[in-house]
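Here the structure is laid out as structure tokens; the discussion comes afterwards.
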Amino acid sequence: MAETASLPLVSLPNKMATVKVLAESPGLSSIPSTYTFPKNESDKKSSVSDTEYDDNLIPVIDFSLLTSSSPEVRSIIINDLREACQKWGFFKKSRRENLKESIFNLPPSPVDSERFQKSIAKEPERMARELLKGISESLGLEASYIDKTLNLNSGLQLLIANLYPPCPQPDLAMGLPPHSDHGLLTLLTQNGIGGLQLQHNSKWVNVDAPPNSFLVNTGDHIEILSNGKYKSVVHRAIVNNKSTRISLAIANGPSLDTVVCPAQELIDN
Ligand code: OGA
Ligand code: NI
């Protein structure tokens with residue numbers, strides 16, 4: 002691997018060319034060392050081993066059950082959510098989403114905030130708040146606990162748009178290093194190209210999903226609020242040498258000046 006890294010590089014306009022400029026340089030066959038982040042080395046440090054699981058084990062949640070008026074159905078979905086949050090911190094939405102305006106149809110220019118709020122962010126916000134009611138109940142709290150305590154009417158949504166161009170040396174680069182997300186719940190949609198991996202039982206799990214479906218993961222505020230009963234799931238994004246991957250993550254949480262602390266009911270002696 003060290004050999005390939007020392008091959009002559011294509012000439013770049015400046016030392017720290019953006020990934021976009023770099024990816025568009027003709028004949029790019031290797032990446033500059035400033036962009037190397039070998040997967041295996043970081044895994045060694047955190048004693049996480051390479052991918053072993055397939056993603057067919059990842060829980061699938063049927064969102065339509067969340068709004069059911071039947072107590073039996075409600076208790077099934079609450080149990081599903083409890084298990085998904087406890088074991089994985091991650092789940093998929095079962096049905097294809099019919100987003101009014103898909104991010105993937107937008108022009109590749111910055112999305113203005115009004116358009117974002119009115120169209121793209123509305124449905125994920127509604128889904129996140131509905132899920133948080135179920136998650137509150139799954140923790141033994143009142144359904145409205147998280148929504149009310151953290152005043153989600155004036156909550157914060159962060160939109161993170163990620164572009165991962167094909168990389169000639171995918172083993173030497175990392176799209177997004179391992180991290181956990183800010184906020185309560187992140188909803189992520191992607192253009193059908195895989196790359197997202199989550200950490201589960203000290204292994205990396207590949208997550209796949211069709212475009213216009215949602216992947217959901219727990220964030221740091223869920224870990225704090227639940228007093229550690231649910232963890233903020235660590236995840237990363239790897240790159241490939243064939244297709245451009247686009248993902249859109251919407252992190253849903255309370256406003257920036259909200260203090261998040263463990264629910265009183267979940268603190269023991
Ligand atoms: C993020 C994130 C993963 C991806 O933006 O926080 O984890 O698949 N993205 O792009
Ligand atoms: Ni993330």
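Numbering (this note's numbering) for the sequence shown: 2 to 270. Just so it is clear, CB atoms sit at the ideal spot from N, CA and C, and this is done for glycine as well. None of these values were measured; they are calculated from a predicted model.
Contact under 8 Å by Cβ, residue i with residue j
i: Gly-176; j: Val-240; result: yes
i: Phe-215; j: Lys-123; result: no
i: His-222; j: Gly-193; result: no
i: Ile-251; j: Thr-187; result: yes
i: Ser-233; j: Asp-172; result: no
i: Val-217; j: Phe-38; result: no
i: Gly-184; j: Leu-159; result: yes
i: Ser-34; j: Gln-170; result: no
i: Pro-179; j: Val-235; result: yes
i: Thr-219; j: Gly-90; result: yes
i: Ile-62; j: Ala-85; result: yes
Same chain, Cβ closer than 6 Å to residue i, neighbours up to 5 away in sequence not counted
i: Asn-163; result: Ser-248
i: Arg-246; result: Tyr-165, Ile-194 and Gly-196
i: Pro-263; result: Asn-228
i: Ser-65; result: none
i: Leu-67; result: Ile-78, Glu-131 and Gly-135
i: Ile-225; result: Val-261
i: Ile-147; result: Leu-133 and Ser-137
i: Asp-258; result: none
Local Cβ density within 10 Å of residue i, reported as buried at 16 or more and exposed below that
i: Gly-141; result: exposed
i: Asn-152; result: exposed
i: Arg-237; result: buried
i: Val-206; result: buried
i: Asp-81; result: buried
i: Glu-25; result: exposed
i: Leu-58; result: exposed
i: Gln-87; result: exposed
i: Thr-19; result: exposed
i: Gln-191; result: buried
Residues of its chain near residue i, where Cβ-Cβ distance is below 7 Å and the 5 sequence neighbours each way are ignored
i: Leu-267; result: Leu-140, Ser-227, Asn-228 and Lys-230
i: Ser-244; result: Pro-167 and Ile-194
i: Glu-126; result: Gln-158 and Asn-253
i: Ile-79; result: Gly-135, Glu-138 and Ser-139
i: Arg-116; result: none
i: Arg-83; result: Ser-139
8 Å Cβ cutoff, residue i in contact with chain D
i: Tyr-231; result: As a matter of chain content, chain D is missing from the structure shown, which is built from one protein chain.
Whole-angstrom C-beta distance between residue j and residue i, which should lie under 8 Å
i: Tyr-36; j: Ala-144; result: Going by Cβ atoms, the distance from Tyr-36 to Ala-144 rounds to 46 Å, so no, they are not a contact pair.
Contact set for residue i: own chain, Cβ-Cβ below 8 Å, skip 5 residues either direction
i: Ser-256; result: Asn-152, Ser-155, Gly-156 and Leu-157
i: Pro-60; result: Asp-81, Glu-84, Ala-85, Lys-88, Trp-89, Phe-91, Phe-92 and Lys-93
Requested in this report: Answer yes if the segment 202-213 comes into contact with the segment 131-144, meaning at least three C-beta pairs across the two stretches below 8 Å, and no otherwise.
Outcome: Between the segment 131-144 and the segment 202-213 there are fewer than three C-beta pairs closer than 8 Å, too few to call the two in contact.
Requested in this report: Give a yes or no on contact between the segment 192-211 and the segment 65-76, applying the rule of three or more CB pairs nearer than 8 Å.
Outcome: no
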